[in-house]
Amino acid sequence: MRLLTHNMLSSNIKGVINGFPLRIEPETVVVKEVDFNPDFLKNMFSKIDWKALADASKIMGYSELPDEVPDQSLLDSDDFLKKFHHALLQLHLEEGALVCPETGRRFPVNKGIPNMLLHEDEVCNGFIAITNATNIKVVNCFISQNWLAYTPFRRWQTSITETTTMLTLSTAVEPSLTYNNRRTLQPVSLHLTNFKQQFNPKPTTRHTLKIPNAISDAANQTTGDGSPAALPSILTANGATAPITSKVKRHTISVFVGDESGIINRIAGVFARRGYNIESLAVGLNKDKALFTIVVSGTEKVLQQVVEQLNKLVNVLKVEDLSKDPQVERELMLVKLNVDPTTRAEIMWLVDIFRGNVVDASEYSLTIEVTGDPGKMVAVQRNLAKFGIKELTRTGKIALRREKLGETAPFWNFSAASYPDLEAPSPVAAVPNVTQIVDENPSTMSGGDVYPVESYDSYIMDKVLDAHWGVLYDEDSTGRQSHTLNILVNNSPGVLNLVSGVIARRGYNIQSLAVGPAEIEGLSRITTVIAGTDESIGKLVQQFYKLIDVHEVKDITHLPFSERELMLIKVAANAAARRDVLDIATIFRAKPVDVSDHTITLELTGDFNKLFALQRLLESYGICEVARTGRVALVRESGVDSTYLRGFSLSL
């Protein structure tokens, strides 16, 4: 690694930042990665802060350097010079990303420069430029938790997410950056997180900042329960400690809307226009409305602005941030694994440990269903990765607030079966057949993204699904049927908005939507159910392939596939009715996940018919809340589906 001071530079250094020509002032220090150069290392021998270099190397796991300036005789040892060279290379981090503390947006920028270990007279103006091939990126290195990343025509004050293990920062007046259009970026004052007053960028003393290398991105690192992990503290030159905090947190937002055409696209657009990446999204059913559960990372200030924008959308009834409250959170994951006779027993052992279920088996593959919180999903994926994951699909996280013991129950609209002591109970009417309700008054329904919406004046609890919901194999006279699509896309902001926009602009009705991480890091899998003919869906698939962020689209409708949905349902049940509710749950293999004085929350997985049947039976007790994911599906490697075998005699 070669460090060139301003004395070695010409008056003008030309580079490129994001395609824009840039002239860097001669006071800039340039870092280059070159081959082993003993002469250069000998020249650097007396200029290095050996104490800082040794401490940093120990943190990096390389502890063979002395704490003080070594004897000059070591300069003749190639072995020592190679260790010295290796230590410098270890301190040079690759390209990364910084997070803006005000908006939560991430910006690519190089970080971590070993020339900070030089003495003050070797570093000029607190600026460094990292050269990587023909790209030069400029970063401000003032002493604070905040860096200033310069990109064309924009200036962002960003928070450190990862840095080198130890930095000796030299700060002075920053030079101006002049572009080919003669526009100059003026210096801006830095807002320091850990100091009460603004930092004056004209210091007269040299500062040392020690930062552990193990600092992780606060927006991504979580503990086992999904909460943000604690960050370490930094140690300044005067010995004072200052905790490194991040304002970026993961938020779970519940959006309760009346379904209407294009609502998914509009909600995704609110996040996309502000640069947020929706980590997961689940669209579920609650009576005749749609309940969106969205997981996104950002600061509380900006998330509050997003909530205000969501409330301005038509038919949005309520928006809640559940992150601050105790909550029951669940995800559903289907994993298709490579297996052979030598690994099958170990895989089944892991499935039993994580309380999963095998939903499909063939000679060389297994499809496994697992439910749990996001931490459990990560643990399952890590343990199964060594066997080879062929395909993976996850629903978004759904969450319901935990009821506190001793709280007063909201008795309205609950039936006497749950609360027999009510003086004037309001029993729920008998539930008619769903298809009959849909066929009776078709004029009262409006086409929606998730399912048709009933008019508010004729409110009936079960008028929530169109005639094609769940009809996978039987076509009507027009050839329309529900098509299940698996779409593999980049995990980047705005992708969901683009995909849903393609569907909305062509007038298709989204019956189900589930978005979650895929088996490859950096990719997400969207599972959606859309009603249409084979010809029209084929044209829609061609439109998907025109999107840059779309990698693969599969229509698995006419293939045998495993499908699953996840539902959390909160039922009003006091001590007298609790036993009856649990008996019904046992029949459907539902799990109780939360209980209070007046409610019980159940978790259930299965296909749509199973979920709807349980909800229908529990309505007489009073349903408080329902959170459901969309459908996720994987093709059965066994190639067997009992639906195709109905009406045929089978030979043994």
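All the letters of the sequence shown, read from the start, carry residue numbers 1 to 652 under full-length UniProt numbering.
Positions of the beta carbon are idealized from the N, C-alpha and C atoms, including for glycine.
Just so it is clear, the structure is predicted and the values come from calculations on it, not from any experiment.
Please state the DSSP three-state secondary structure of residue i.
i, result
"Leu498", "helix"
"Thr371", "strand"
"Val593", "strand"
"Ala379", "helix"
"Ile548", "coil"
"Thr586", "helix"
"Glu637", "coil"
"Phe354", "coil"
"Gln516", "Sequence inspection shows Gly at residue 516; the Gln mentioned does not correspond to that position. In the structure shown, Gly516 sits in a strand (DSSP, three-state: E or B)."
"Leu75", "helix"
"Leu291", "strand"
"Arg401", "strand"
"Gly532", "strand"
"Ala572", "strand"
"Lys247", "coil"
"Gly538", "helix"
"Glu346", "helix"
"Arg628", "strand"
"Leu485", "strand"
"Asn509", "coil"
"Phe195", "Because the pLDDT of Phe195 is 30, which lies under 50, any placement of that residue in the model is unreliable, and the number read from its coordinates should be weighed accordingly. Coil, per DSSP."
"Asp580", "helix"
"Leu617", "helix"
"Arg564", "strand"
"Ile263", "helix"
"Leu392", "strand"
"Leu604", "strand"
"Asn491", "coil"
"Asp340", "coil"
"Leu559", "coil"
Compute the Euclidean distance between the alpha carbons of residue i and residue j, then round it to the nearest angstrom.
i, j, result
"Val319", "Val255", "5 Å"
"Gly269", "Lys82", "53 Å"
"Val296", "Gly396", "11 Å"
"Asp79", "Asp71", "14 Å"
"Thr367", "Val550", "25 Å"
"Ala379", "Pro38", "46 Å"
"Ser323", "Tyr545", "36 Å"
"Leu614", "Ala627", "14 Å"
"Asn315", "Ala399", "21 Å"
"Leu317", "Leu513", "20 Å"
"Lys336", "Leu582", "32 Å"
"Leu523", "Val640", "29 Å"
"Gln198", "Pro592", "Because the pLDDT at Gln198 is just 34, under 50, the model does not fix this residue reliably, and the value given afterwards should be weighed accordingly. Taking the straight line joining both Cα atoms gives about 53 Å."
"Asn307", "Met377", "For the record, residue 307 in the displayed sequence is Val; it is not Asn. If I take the Cα positions, the gap works out to 28 Å."
"Ala291", "Thr342", "The sequence shown places Leu at residue 291, not Ala. Roughly 44 Å between the two C-alpha positions."
"Asn491", "Ala272", "12 Å"
"Ile253", "Asp360", "33 Å"
Looking only at its own chain, which residues have a Cβ that is under 7 Å from the Cβ of residue i, when we skip the five neighbours before and after it?
i, result
"Ser362", "Glu637, Ser638"
"Thr500", "Inspection of the sequence shows that residue 500 is occupied by Ser rather than by Thr. Excluding positions up to five away in sequence, the list reads Ile264, Asn265, Ala268."
"Gln309", "Val270"
"Gln390", "Reading off the sequence shown, one finds Lys at residue 390, where the question assumed Gln. If we look at Lys390 and ignore the five residues flanking it on each side, its Cβ neighbours are Lys336, Leu337, Asn338, Ser365."
"Leu350", "Asn383, Leu384"
"Thr629", "Ala282, Gly284, Leu332, Thr395, Gly396, Ile398, Ala514, Glu565, Leu566"
Note down, in chain order, each residue of its chain lying with its Cβ closer than 6 Å to the Cβ of residue i, except the 5 sequence neighbours on either side.
i, result
"Asp594", "Val328, Arg402, Thr601"
"Gly516", "Ser280, Arg394, Thr395, Gly396"
"Gly262", "Ala504"
"residue 667", "Any property of residue 667 remains undetermined from this structure, which presents the chain solely from 1 to 652."
"Leu313", "Arg266"
"Asn559", "Here residue 559 turns out to be Leu, not Asn, going by the sequence shown. Val635."
"Arg250", "Ser297"
"Leu618", "Val571"
"Val529", "Ser482, Thr484, Gln511, Ser512, Arg631"
Using a Cβ-Cβ cut-off of 8 Å (strictly less than) and excluding sequence neighbours within five positions of residue i, which residues of its own chain qualify?
i, result
"Ala633", "Leu334, Thr393, Thr484, Asn486, Thr527, Ile556, Phe561, Ser562, Glu563, Arg564"
"Val340", "The residue you asked about is not Val; residue 340 is Asp in the sequence shown. Excluding positions up to five away in sequence, the list reads Tyr364."
Is residue i close to the ligand NAD? I mean its beta-carbon at under 7 Å from any heavy atom of the ligand.
i, result
"Ile537", "Among the components of this structure there are no ligands whatsoever, and the ligand NAD is therefore not found."
Three or more beta-carbon pairs under 8 Å between the segment 497-517 and the segment 531-545, yes or no?
-> A contact exists between the segment 497-517 and the segment 531-545.
If we count Cβ pairs, one from each stretch, closer than 8 Å, do we get three or more for the segment 325-339 versus the segment 302-311?
-> They do not touch, by the three-pair rule.
The segment 563-571 / the segment 598-614 touching (three or more Cβ pairs under 8 Å) | By the C-beta criterion, the segment 563-571 is judged to be in contact with the segment 598-614, since at least 3 inter-stretch pairs fall below 8 Å.
Inside the segment 269-337 only - alpha helix (DSSP H) runs reaching at least 4 residues | 300-311
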